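Student: The structure follows.
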Amino acid sequence: MSVEHAAVQRADFDQVMVPNYAPAGFIPVRGAGSRVWDQAGRELVDFSGGIAVNVLGHCHPALVGALTEQANNLWHVSNVFTNEPTLRLAKKLVDSTFAERVFFCNSGAEANEAAFKLARRVAHDLYGPEKYEIIAAVNSFHGRTLFTVSVGGQPKYSDGFGPKITGISHVPYNDLEALKAAVTDKTCAVVLEPIQGEGGVLPGELAYLQGARKLCDEHNALLVFDEVQSGMGRSGHLFAYMHYGVTPDILSSAKSIGGGFPLAAMLTTEKLAKHFAVGVHGTTYGGNPLACAVGEAVIDVINTPEVLAGVQRKHQQFKTRLESIGQQYGVFTEVRGLGLLIGCVLSDAWKGKAKDIFNAAEAQDLMILQAGPDVIRFAPSLVIEDADIEEGLNRFERAIAKLTS
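The sequence shown begins at 16 in the numbering used here and counts up one residue at a time.
Below, the structure written as structure tokens:
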């Protein structure tokens with residue numbers, strides 16, 4: 016360990032940081048592609064992708080180049096002005112999606128906050144103050160602001176902060192009949208993740224998402240898709256709504272859109288965007304030139320037939336091997352997901368033990384994720400090399416074999 020690294024230790028976290036996180040016992044200091052090195056020089060294979068953020072791995076040359084070039088020109092001017100990277104990225108998102116207008120911000124929570132506020136504002140302007148109710152799904156996750164934890168509806172995130180945002184109700188995911196019973200003429204929006212991420216990597220059923228679209232149309236409500244985790248190529252399409260052929264009115268994007276740089280966006284139509292007039296909503300760093308320059312490079316690399324087809328192929332590579340591991344060791348009942356957002360559902364004997372598997376993988380120099388106590392989640396780089404997939408899966412199998420021996 017170098018003198019530079021020795022000056023900062025994991026124990027320092029407990030002395031200087033707010034204890035709202037419980038980070039691993041090692042500190043990553045360098046990344047390249049799908050490999051990460053810690054302070055001691057240990058090399059790990061990264062199947063976590065910074066929780067579905069590092070969509071092109073670590074330090075991708077296109078992103079490093081875009082960031083470096085922009086850093087030599089312009090960092091920040093505020094929204095009193097616009098800037099070239101913001102407009103270029105917005106044009107590419109509009110050209111590639113249903114959207115006609117884009118709002119940039121810095122995180123998934125902010126993108127969802129904007130989406131929910133816009134939905135309520137539209138309903139208020141068009142139908143009056145009584146139409147403000149939002150229907151969301153059980154076990155959803157939309158961020159950690161007061162509004163977004165209220166829409167997420169998980170008590171572990173929303174309790175203990177005083178009164179919650181009212182006018183929000185939750186129904187089971189993939190239960191169309193429950194959704195039909197919940198939606199009324201007071202509903203301003205139905206908010207769904209096309210693939211529930213934190214809720215267990217659970218893909219939406221086609222009939223369910225189609226039914227949600229139909230219900231919204233019938234009740235003059237807006238369909239909001241949270242694609243913070245599923246978007247930007249992770250499903251094998253630029254956005255997961257394209258896989259289903261179900262178009263939302265509002266879409267939130269974050270995580271992968273910045274490839275590791277803080278960036279998020281809300282996408283919508285021109286007609287709806289008009290309800291966010293000057294001063295109605297905003298954020299100081301939204302559309303930051305540095306972030307948008309990186310985001311432009313991300314979409315340029317991802318939004319190609321070769322990369323998106325590669326995601327589909329790599330999904331099958333992961334799924335085939337993970338199903339084999341699950342059958343051999345009896346740890347999984349199902350391997351599910353789309354593209355390179357994959358969840359392994361633990362068997363009854365392993366229920367509640369996702370953390371044990373997470374720790375065992377780390378001991379084998381592999382970075383993975385959990386999606387609750389009963390699901391192991393993989394969200395690697397979309398351009399991960401086949402050799403890294405094989406090596407990572409070999410390490411994962413060794414971890415499972417050791418746990419079950």
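Ideal Cβ positions, reconstructed from N, Cα and C, are used throughout, including at glycine.
Since the model is a prediction, treat every value here as computed from it, not as a measurement.
1. Please determine, among Asn-121, Val-316, Pro-304 and Thr-199, the residue with the shortest C-alpha to C-alpha distance to Met-247.
2. What residue from Leu-217, Ile-399, Ser-267 and Ile-314 has the CA that sits closest to Val-360's CA?
3. Hey, quick one: how far does the alpha helix (DSSP H) through Thr-181 stretch, first residue to last?
4. Indicate whether the contact test is met: 3 or more Cβ pairs, each with one atom in the region 116-125 and one in the region 280-291, closer than 8 Å.
5. Report the option in Glu-125, Ala-152, Leu-253 and Tyr-256 whose CA atom is closest to the CA atom of Pro-277.
6. Under three-state DSSP, which class holds Pro-43?
7. Is Arg-103 helix, strand or coil when you go by DSSP?
8. Run the CB neighbour count on Ile-507, radius 10 Å, all protein chains shown included, and call it buried at 16 or more, exposed below.
9. In the DSSP output, which residue or residues are listed as bridge partners for Met-382?
10. Could you tell me the alpha carbon to alpha carbon distance between Ala-378 and Glu-192, rounded to whole angstroms?
11. Where Gly-345 and Gln-385 are concerned, what is the direct C-alpha to C-alpha distance, given to the nearest angstrom?
12. For a test of the three-state rule: what should DSSP assign to Arg-413, helix, strand or coil?
13. Roughly how many angstroms lie between the CA atoms of Phe-41 and Ala-324, to the nearest whole one?
14. What is the DSSP secondary structure of Thr-419, counted as helix, strand or coil?
15. Is Pro-76 helix, strand or coil when you go by DSSP?
16. Can you tell me which of Leu-408, Arg-351, Thr-101 and Glu-233 puts its alpha carbon nearest to the alpha carbon of Gly-273?
17. Expressed to the nearest angstrom, what Euclidean distance is found between the alpha-carbon atoms of Pro-388 and Val-70?
18. Under three-state DSSP, which class holds Ile-170?
19. Tell me which same chain residues have a C-beta within less than 7 Å of the C-beta of Gly-275, skipping the five on either side of it?
20. Please name the residue in Gly-260, Thr-299, Leu-230 and His-91 whose C-alpha comes closest to that of Thr-112.
21. Assuming contact is defined by CB atoms lying nearer than 8 Å, are Tyr-223 and Asn-189 in contact in what I supplied?
22. Kindly indicate the opening and closing residues of the alpha helix (DSSP H) around Phe-276.
23. Please report the residue range of the alpha helix (DSSP H) in which Glu-233 lies.
24. Helix, strand or coil: which one does DSSP assign to Gly-310?
25. Please classify Tyr-36: is it buried, with 16 or more other beta-carbons within 10 angstroms of its beta-carbon, or exposed?
26. Does the region 86-101 touch the region 293-302, meaning 3 or more C-beta pairs lie closer than 8 Å?
27. What distance in whole Å lies between the Cβ atoms of Ala-134 and Leu-237, which are believed to be in contact at a cut-off of 8 Å?
28. In three-state terms, what does DSSP make of Thr-284?
29. Would you kindly work out how many angstroms separate the C-alpha atoms of Asp-363 and Glu-233, rounded to a whole number?
30. Helix or strand or just coil, what does DSSP make of Val-31?
31. Within a Cβ cutoff of 8 Å, which residues of the same chain sit near Arg-410, ignoring the five residues on either side of it in sequence?
32. May I ask you to report which of helix, strand or coil DSSP gives Phe-393?
33. What span of residues does the alpha helix (DSSP H) with Asp-140 cover, start to end?
34. Does the Cβ-Cβ distance between Leu-408 and Asp-371 come in under 8 Å?
35. Under 8 Å between the Cβ atoms of Val-293 and Ala-81?
Tutor: Per the coordinate set shown:
1. Val-316
2. Leu-217
3. Counting along the chain, Thr-181 falls outside any alpha helix (DSSP H), and DSSP gives it neither H nor E.
4. yes
5. When C-alpha distances from Pro-277 are compared across Glu-125, Ala-152, Leu-253 and Tyr-256, the shortest belongs to Glu-125.
6. Three-state result, Pro-43: strand.
7. Helix, per DSSP.
8. Residue 507 is absent from the structure shown; the chain starts at 16 and stops at 420.
9. Asp-61
10. 45 Å
11. 18 Å
12. helix
13. 35 Å
14. helix
15. helix
16. Checking every option, the nearest Cα to that of Gly-273 belongs to Thr-101.
17. 25 Å
18. In the sequence as displayed, the identity of residue 170 is Pro instead of Ile. DSSP places Pro-170 in helix when its eight states are reduced to three.
19. Gly-65, Val-68 and Asn-69
20. Gly-260
21. yes
22. From DSSP, Phe-276 is part of no alpha helix (DSSP H); its letter is neither H nor E.
23. If you look at Glu-233, you'll find it in the alpha helix (DSSP H) that goes 221-233.
24. In the structure shown, Gly-310 falls within a helical segment according to DSSP collapsed to helix, strand and coil.
25. exposed
26. yes
27. 5 Å
28. coil
29. 41 Å
30. helix
31. Val-60, Ala-376, Gln-379, Asp-380 and Leu-381
32. strand
33. Element bounds for Asp-140: 123-142.
34. no
35. no
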